[in-house]
Amino acid sequence: MGRSWSGATMAAVAVVMCCMAVVEAYVYTVGESYGWVVGPNYTAWGFSKSFKVGDYLVFDYSSEYSVDEVFENDYNTCNVDHPISSDKSGSTAFNLVAPGPRYFICGVSDLCKKGMKLVANVTT
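When you read off a place in the sequence shown, starting at 1, and then add 67, the result is the number in my numbering.
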């Protein structure tokens with residue numbers, strides 16, 4: 068005789084199956100042990116990572132720097148006049164909530180032109 072599954076048992080199995088599909092978010096510290104400073108090659112660093120929706124980017128930096136999220140054109144020209152967001156707190160986190168590129172620069176002086184800029188290409 069076959070076993071009959073109750074509604075509660077089937078619901079529990081469905082919950083377990085859904086939980087198995089959940090992927091944990093990864094937290095990336097930009098520049099890793101260097102942090103957000105002049106010097107590291109953030110272009111190469113960004114291309115070496117596989118950013119996924121739900122991951123976080125954390126920028127750690129001193130008070131002499133900032134992190135600005137900008138549009139692509141402003142990223143390309145290092146224009147800090149119209150940031151999407153700007154922070155100088157010393158530790159800034161961004162949740163990568165949608166696929167596509169995200170653009171970040173340092174908004175202080177000409178530091179973007181000295182390489183303090185990052186593209187995070189986010190995938191699903």
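For each residue, glycine too, the CB sits at the ideal point set by N, CA and C.
Range covered by the alpha helix (DSSP H) that runs through residue i
i: Gly113; result: Tyr109 to Phe114
i: Thr144; result: Glu139 to Thr144
Alpha carbon of residue i to alpha carbon of residue j, nearest angstrom
i: Thr94; j: Val147; result: The amino acid occupying residue 94 in the given sequence is Val; Thr does not appear at that position. Approximately 26 Å, taken between the alpha carbons.
i: Pro166; j: Ser117; result: 12 Å
i: Tyr142; j: Glu91; result: 29 Å
Nearest residue (CA-CA) to residue i, options the options
i: Gly121; options: Val164, Pro150 and Ser176; result: Val164
i: Tyr123; options: Trp103, Thr144, Ala160 and Gly113; result: Ala160
Same chain, Cβ closer than 8 Å to residue i, five either side skipped, listed in chain order
i: Tyr109; result: Val97, Gly98, Gly182, Met183, Lys184 and Leu185
i: Phe138; result: His149, Ile151 and Tyr170
N-terminal and C-terminal residue of the beta strand (DSSP E) that residue i is part of
i: Val189; result: Lys184 to Thr190
Beta-carbon separation (whole angstroms), residue i vs residue j, contact threshold 8 Å
i: Ser115; j: Ser133; result: About 24 Å separates the two Cβ atoms, so there is no contact after all.
Cut-off 6 Å between Cβ atoms - residues of its own chain near residue i, not counting five sequence neighbours on either side
i: Lys155; result: Ser133
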